[in-house]
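The block underneath contains the structure these notes are about, expressed in structure tokens.
Residue numbers (this note's numbering): 40 to 143.
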């Protein structure tokens with residue numbers, strides 16, 4: 040086998056991939072709902088909260104927002120990659136089936 044030869048056995052479960060993408064989508068929605076609830080609580084608390092503890096909590100929430108946005112962006116990217124992979128695998132299966140139909 041030369042360095043250009045590839046001997047790989049790959050088994051793709053397209054339905055499982057779709058289920059994982061759907062689970063990531065559901066997770067993203069659930070986390071967004073929790074983030075909205077946290078933001079509402081934060082706003083309510085800070086109506087009457089002042090001083091160092093209020094400031095410290097505000098800084099924490101600001102850092103948390105940034106981390107949450109980063110996580111949400113990463114999760115969206117993973118969902119997109121999963122969806123794209125599924126579409127490509129389905130396209131490859133259809134192309135291979137079409138070729139087999141031509142020779143049978």
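Every residue gets a Cβ at the ideal spot worked out from N, C-alpha and C, and that includes glycine.
Could you tell me which of 49, 74, 88 sits nearest to residue 109, measuring between CA atoms?
74
Residue 54 - DSSP class collapsed to helix/strand/coil:
helix
Hey, quick one: how far does the alpha helix (DSSP H) through residue 101 stretch, first residue to last?
Element bounds for residue 101: 90-142.
Beta-carbon gap between residue 84 and residue 107 smaller than 9 angstroms
no
Excluding the 5 residues preceding and the 5 following residue 88 in the sequence, name in chain order all residues of the same chain whose CB lies nearer than 8 angstroms to its CB.
Excluding residues within five positions, the ones whose Cβ falls inside 8 angstroms are 96.
Just to confirm, are residue 127 and residue 57 a CB contact at a threshold of 9 angstroms?
no
Is it buried or exposed for residue 60, if we count other Cβ within 10 angstroms and need 16 for buried?
Burial of residue 60 is indicated by the presence of at least 16 other C-beta atoms within 10 angstroms of its C-beta.
Contact check, residue 53 vs residue 129 under 8 angstroms by CB: the rounded distance?
For residue 53 against residue 129, the beta-carbon gap comes to about 6 angstroms, under 8 angstroms, which counts as contact.
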